[in-house]
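Beneath this line is the structure, given in structure tokens, with notes to follow.
In this note's numbering, the protein residues as written are 7 to 103.
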């Protein structure tokens with residue numbers, strides 16, 4: 007269905023229900039198609055933003071081999087660090103004499 011901007015604003019909930027029932031809804035401005043409203047699953051499919059379990063487990067999509075090597079090096083450095091002593095105040099909050 008095609009909607010004028012004003013009509014889409016006035017009947018927004020109805021337009022969203024139409025997206026669910028009928029699919030993408032076109033909104034026109036000044037007689038020209040200007041926008042399309044689609045459901046989130048369709049958006050993710052079109053933009054490739056839906057990832058499978060394997061790609062999620064492998065890490066963020068922006069991790070390059072170089073970035074993975076840097077992260078491995080940081081992790082190795084952290085494992086090599088010796089624990090440091092920490093001076094904590096007593097539970098009562100005051101100082102003992």
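Note that the Cβ used here is the ideal one computed from N, Cα and C, for glycine as well.
No experiment lies behind these values; they were computed from the predicted model shown.
(request) Give a yes or no on whether the C-beta atoms belonging to residue 30 and residue 43 are separated by under 8 angstroms. (result) In contact: residue 30 and residue 43 (Cβ atoms closer than 8 angstroms).
(message) Suppose the cutoff is 8 angstroms on Cβ atoms and the five residues either side in sequence are ignored; what does the same chain contact list for residue 22 look like?
(response) Cβ neighbours of residue 22 beyond the five flanking positions: 43.
(request) Give me the Cβ distance between residue 32 and residue 8, rounded to the nearest whole Å; I'm assuming they're in contact under 8 angstroms. (result) Indeed, because the Cβ distance is near 5 angstroms, the residues count as touching under 8 angstroms.
(message) On the DSSP letters alone, give me the boundaries of the beta strand (DSSP E) that residue 44 sits inside.
(response) Looking at the DSSP string, residue 44 is not in any beta strand (DSSP E), and its letter there is neither H nor E.
(request) Just grab the DSSP bridge partners of residue 34 for me. (result) 10 and 39, per the DSSP bridge assignment.
(request) Pick out whichever of 13, 53 and 78 has its Cα sitting closest to the Cα of residue 45. (result) Nearest option by C-alpha distance: 53.
(message) Quick check on the burial criterion: 16 or more other C-beta atoms within 10 angstroms. Buried or exposed for residue 97?
(response) So residue 97 counts as exposed.
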